[in-house]
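The block underneath contains the structure these notes are about, expressed in structure tokens.
Numbering (our numbering), first residue to last: 89 to 685.
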């Protein structure tokens, strides 16, 4: 058997005491591995055919070898060495990816040019440091074969072997198709995705895990200029991660990714629908094919802006990044020869309104709200002779609750009698793991554990708690807000963990949008930083969906508990002890805020 002598070296236990392995149909399995510090070579045998991916990471410097569609079948292992490679770590990164990480000495950085990925067959692989001593023949000959070394084709003794077909357990991105309601990414298989917003510059990053790009996908940049997206870029971020980047407007909302089994691919869409996007989508030509409606008036009645026409019309609306105003495209419509003055009062919720006949069948209306006012659509996109927008002050006092006649309880909505209700929102879930950090830890698992502990602590103190998810399931953003509203929650706290391409960044961040949420954000942030001793990365305003779409009077905050991509903080976030500290700090902060009101 190949590399049989490794059992005696302690790298693998003898067959009689080997750990019970886990097998999944269609997946390969790691059989044996060995690192030779004298030769500067990592050798790996698999049971089943596989092609690994080799890449280099810095800070700290390390060499990563990923085996897709492969199970390790054991607990994570770490071996330490003297020399250039300080340690080798093997773990199950995801359900289908086994990862080997060679941690280098800090003063021994290198590039991919200093490595070779060698193969003696689809189940026999080696990583060779080219600056090491002259290598010995790759793998000892099999006892059943010839005594001569197995020859290596010249084309395979390089850093990046030619692409091989994706196996049945892998995924490919086949096609990118911009649509009116978002972007459809046709895929082979149903890959898991992560979605996160990155600021400065503003962009939405969608990572497709265990996924490669099809060689037939030659276009990598798409100019969009719709839905708040200037352009879409796609590329192979890492050997096992395909990345889609949307360059978005800073005033835009959140985005979501979901798998469509009927069409065989992933939809990337604005959370809450296209009306929530920053830039204005085009009005559908199907909806605008009827007879032209002539706009008759635009009137401001209190905090309601009412647009009237003499016929049926459809519209799409969204924030315009160039002007900072709220743009409404109406079709099929035309402007009259003269438009009545809307009579905007000085100091009112609207500073100005501008009308433009964009083409023969489309009218655009640009509404510039006064500072600290936001625009809401009671019936977004509904076709009629009248369009109504609401302008609500961001600092409006909470509404006075009105007595209501008890009705039948919804089976999905918890009933809390005479108790203050707190909405706790564990981010991501199900097919959306959120950020993936060191050792393969997943954001969705960390935040769900913390959220459950927050729920228990608050309930012990007499509060009602509604959880937007209680297990590992996918929940879109709008239903999360809906659950909080239906439960008449006093506040909403959304719990997340952060990630960044630079592993040195760490610390806690807190986000809010409206002034009615500023105090809650400050109290929670102070409580978390004090309890954990983590770096204070500040309290910031942002237009995340769950803090933007909760109603005025329901303070809402989004917490980023730390960076899973930072080696120290990421591993700490994965521990039960640190999660308990975070949960208590959140519960204490919520109670401090409620007692101060």
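Yeah, the Cβ is synthetic: ideal placement off N, Cα and C, and Gly gets one too. Source: prediction; values computed, not measured.
What whole-angstrom Cβ distance do residue i and residue j have, given they're in contact under 8 Å?
i: residue 443; j: residue 453; result: 6 Å
i: residue 572; j: residue 580; result: 5 Å
i: residue 156; j: residue 185; result: 6 Å
i: residue 421; j: residue 451; result: 4 Å
Looking only at C-alpha atoms, which of the options sits nearest to residue i?
i: residue 193; options: 204, 649, 171; result: 171
i: residue 148; options: 593, 627, 555; result: 593
i: residue 648; options: 628, 389, 556, 352; result: 628
i: residue 385; options: 429, 335, 140; result: 429
i: residue 636; options: 556, 426, 550, 462; result: 462
i: residue 143; options: 329, 359, 514; result: 329
i: residue 507; options: 333, 532, 479, 552; result: 552
i: residue 261; options: 436, 597, 267, 273; result: 273
i: residue 513; options: 478, 577, 549; result: 577
i: residue 531; options: 354, 653, 567, 611; result: 653
i: residue 549; options: 622, 678, 131, 611; result: 678
i: residue 125; options: 159, 176, 158, 517; result: 176
i: residue 398; options: 382, 391, 387; result: 382
Using three-state DSSP, classify residue i as helix, strand or coil.
i: residue 168; result: strand
i: residue 607; result: helix
i: residue 302; result: coil
i: residue 516; result: coil
i: residue 552; result: strand
i: residue 615; result: helix
i: residue 542; result: helix
i: residue 160; result: coil
i: residue 67; result: In this structure the chain extends from 89 to 685, so residue 67 is not present and cannot be described.
i: residue 671; result: helix
i: residue 427; result: coil
i: residue 202; result: helix
i: residue 452; result: strand
i: residue 220; result: Here the model assigns residue 220 a pLDDT of 43, short of 50, so the residue's position is not dependable, and the following value carries that caveat. Coil at residue 220, not helix or strand.
i: residue 279; result: coil
i: residue 537; result: helix
i: residue 419; result: strand
i: residue 464; result: strand
i: residue 434; result: coil
i: residue 571; result: helix
i: residue 547; result: helix
i: residue 565; result: helix
i: residue 510; result: strand
i: residue 270; result: strand
i: residue 655; result: helix
Tell me the rounded alpha-carbon separation between residue i and residue j.
i: residue 620; j: residue 574; result: 33 Å
i: residue 460; j: residue 481; result: 6 Å
i: residue 547; j: residue 161; result: 39 Å
i: residue 457; j: residue 413; result: 7 Å
i: residue 179; j: residue 133; result: 15 Å
i: residue 150; j: residue 331; result: 22 Å
i: residue 276; j: residue 300; result: 10 Å
i: residue 758; j: residue 519; result: Residue 758 lies beyond the residue range present for the chain, which begins at 89 and ends at 685; the question has no answer from this structure.
i: residue 316; j: residue 336; result: 6 Å
i: residue 646; j: residue 540; result: 16 Å
i: residue 434; j: residue 543; result: 47 Å
i: residue 305; j: residue 590; result: 29 Å
i: residue 659; j: residue 208; result: 36 Å
i: residue 285; j: residue 554; result: 26 Å
i: residue 191; j: residue 153; result: 12 Å
i: residue 489; j: residue 477; result: Here residue 489 scores only 37 on pLDDT, less than 50, and its place in the model should not be relied on; the value that follows carries that caveat. Each residue's alpha carbon lies about 23 Å from the other.
i: residue 204; j: residue 279; result: 29 Å
i: residue 137; j: residue 346; result: 31 Å
i: residue 567; j: residue 631; result: 17 Å
Exposed or buried, what is residue i when buried is set at 16 or more other beta-carbons lying within 10 Å of its beta-carbon?
i: residue 313; result: exposed
i: residue 674; result: buried
i: residue 537; result: buried
i: residue 289; result: exposed
i: residue 474; result: exposed
i: residue 140; result: buried
i: residue 598; result: buried
i: residue 233; result: Here the model assigns residue 233 a pLDDT of 33, short of 50, so the residue's position is not dependable and the matter cannot be decided.
i: residue 431; result: exposed
i: residue 311; result: exposed
i: residue 643; result: buried
i: residue 447; result: exposed
i: residue 349; result: exposed
i: residue 525; result: buried
i: residue 158; result: buried
i: residue 684; result: exposed
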